[in-house]
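First up is the structure itself, then whatever we jot down about it.
Numbering (my numbering), first residue to last: 1 to 204.
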């Protein structure tokens, strides 16, 4: 009986070892950054003329993945992304929305407000006057890529927090897509405030 129990225990340990339980391979930040940079490099070199399905991409250090937002997140499009841009098991595909092109179209006199966003990714555009920023607000899951004038914050850096002074052109809902589709960015400045200390003003 003892031999049988011992045999079962040994077999269980072997199975656990083979399946990787308790023996996870640690992914380094450098590996994640390398994959993310390959994506950025592709679009810096080619723009979006050959591939129009990307909404955003950024490194999620907490979960050790590179998050890639696709407008069409079907398996077919995921495979197309891997073949066209980069194939890595460190990529996590999610559903994304179209990037917001912030335009200056003042039609209603609404007061500006300030919101703080964390910069998940910074990428160039075909027009040197503009850059793409992938942003997220503290304690919010929504992620959005926006196109802004580079002169507003020429040295903006990923993984830092910035206060955006935003003037609505129209009445907006409290979500990133609505805010940046219907507003003008007046100013972007770096802030050291973290967590609940951040400025998150109500929309007028």
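Every residue gets a Cβ at the ideal spot worked out from N, C-alpha and C, and that includes glycine.
Among the options, which has the Cα closest to the Cα of residue i?
| i | options | result |
| --- | --- | --- |
| residue 92 | 36, 182, 185, 43 | 36 |
| residue 136 | 152, 116, 147, 151 | 116 |
| residue 171 | 41, 112, 56 | 112 |
| residue 72 | 80, 65, 66 | 80 |
| residue 89 | 141, 133, 64 | 64 |
| residue 28 | 38, 57, 62 | 62 |
| residue 30 | 44, 60, 118, 148 | 60 |
| residue 44 | 110, 26, 124 | 124 |
| residue 87 | 189, 34, 26 | 34 |
| residue 58 | 38, 74, 76, 77 | 38 |
| residue 167 | 195, 141, 201 | 201 |
What distance in whole Å lies between the Cβ atoms of residue j and residue i, which are believed to be in contact at a cut-off of 8 Å?
| i | j | result |
| --- | --- | --- |
| residue 95 | residue 69 | 7 Å |
| residue 85 | residue 132 | That pair is no contact at about 16 Å. |
With a Cβ-Cβ cutoff of 9 Å, do residue i and residue j count as a contact?
| i | j | result |
| --- | --- | --- |
| residue 163 | residue 139 | no |
| residue 146 | residue 174 | no |
| residue 67 | residue 122 | no |
| residue 134 | residue 152 | no |
| residue 149 | residue 114 | no |
| residue 161 | residue 193 | yes |
| residue 32 | residue 97 | no |
| residue 190 | residue 165 | no |
| residue 110 | residue 169 | yes |
Looking at the ligand HEM, does it come within less than 8 Å of residue i, judged from the CB to the closest heavy atom?
| i | result |
| --- | --- |
| residue 171 | By its list of ligands, the structure shown contains no ligand whatsoever, and the ligand HEM lies outside what it can speak to. |
Self-check item: Three or more C-beta pairs below 8 Å linking the region 149–163 and the region 174–182
Solution: Between the region 149–163 and the region 174–182 there are fewer than three inter-stretch CB-CB distances shorter than 8 Å, so the stretches are not counted as touching.
Self-check item: Complete runs of the beta strand (DSSP E) confined to the region 41–75 [at least 3 residues]
Solution: The region 41–75 contains, as complete beta strand (DSSP E) runs of 3+ residues, the segments 54–60, 65–70 (chain order).
Quiz item: In chain order, which alpha helix (DSSP H) runs of at least 4 residues are fully inside the region 117–179?
Solution: Scanning the region 117–179 from its first residue to its last, no whole alpha helix (DSSP H) run of 4-plus residues comes out.
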